[in-house]
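Scroll down for the structure; my scribbles are underneath it.
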Amino acid sequence: MQKDMEAVAERIPLGTFVTVEDGGHMVHEQRPKEFAAAVQTFLAGGAPAR
């Protein structure tokens, strides 16, 4: 399934696929610091670590 999600992200202009360890379906609640760091990096124009 991860490969499918990566393929979708590649088709979205400026799309980025990020995996957050132990994030689950509610990553913004379960791993808020990691989620916020990925969002901030994306908004700053960088590519988060995968």
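The numbers in this note's numbering rise by one with no breaks, and the one at position 45 of the sequence shown is 61.
Note that beta-carbon positions come from the ideal geometry of N, C-alpha and C, so glycine has one too.
Just so it is clear, the structure is predicted and the values come from calculations on it, not from any experiment.
Where residue i sits in the DSSP three-state scheme
{"i": "Val55", "result": "helix"}
{"i": "Asp20", "result": "helix"}
{"i": "Pro48", "result": "helix"}
{"i": "Glu26", "result": "helix"}
{"i": "Val34", "result": "coil"}
Top-ranked residue by Cα proximity to residue i, from the options
{"i": "Gly61", "options": "Thr32, Glu26, Met42, Ala25", "result": "Thr32"}
{"i": "Asp38", "options": "Leu30, Ile28, Phe51, Arg27", "result": "Phe51"}
{"i": "Gln16", "options": "Val34, Arg27, Met17, Pro29", "result": "Outside the modelled stretch of the chain, which goes from 17 to 66, sits residue 16, for which no answer is possible."}
Residue i classed as buried or exposed, judged by whether at least 16 other C-beta atoms fall within 10 angstroms
{"i": "Ala54", "result": "buried"}
Does the segment 43 to 58 come into contact with the segment 18 to 25, if we say contact requires no fewer than three beta-carbon pairs (one atom in each stretch) closer than 8 Å? Contact between the segment 43 to 58 and the segment 18 to 25 is absent, because fewer than three Cβ pairs lie under 8 Å.
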